[in-house]
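Working notes for the structure below.
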Amino acid sequence: MLINDLIEKLALSEKWHARQIYVQGCHRILKDHSIKSDQFSKELLPSIITLSIDKTPNVRISVAKLLSQELLHSDYFTGSQNPHHDDLMNAETKLKADVDSDVRYFANLPTEKLEQVSV
């Protein structure tokens with residue numbers, strides 16, 4: 558129920574800052590290992606993938622950070638057991654070639670430098 562409320566009120570919001578907060582919250586959930594990877598993949602990852610093509614660059618920057626700092630360093634998310642593996646890899650490719658230079662920067666930034674940049 559709580560996850561559905563988060564998606565409805567934040568991920569699907571018309572306000573870009575609410576969508577950005579959603580991505581940042583998902584980042585914290587992963588970083589803190591608050592839920593299992595398979596539950597995250599099933600319930601939260603689809604909206605993250607959708608937000609990877611959001612019209613607002615700040616939202617896409619947050620998605621790029623989430624992918625680069627957490628998701629793409631996980632055997633689960635980059636492996637075939639993730640039901641959204643192909644969509645996740647496509648989102649990564651699109652972010653790395655994004656029209657916005659800041660989105661591209663964070664999507665292509667090496668891990669060592671990402672750790673120095675706040676979420």
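Going by the numbering used here, the first residue of the sequence shown is number 558, and it counts up by one from there.
Glycine included, every Cβ here is placed at the ideal spot set by N, Cα and C.
Asked	Found
Which residue comes first and which comes last in the alpha helix (DSSP H) that contains residue 580?	573-588
Is it true that the stretch 613-622 meets the stretch 585-596, where meeting means three or more beta-carbon pairs spaced less than 8 Å apart?	no
DSSP on residue 591, reduced to helix/strand/coil?	coil
Can you tell which of 641, 589, 637 and 560 has the C-alpha that lies nearest to the C-alpha of residue 626?	589
Out of 666, 569, 658 and 599, which one is the CA nearest neighbour of residue 629?	666
Secondary structure at residue 613, three-state DSSP: helix, strand or coil?	coil
I need the straight-line Cα distance from residue 634 to residue 645, nearest angstrom please.	8 Å
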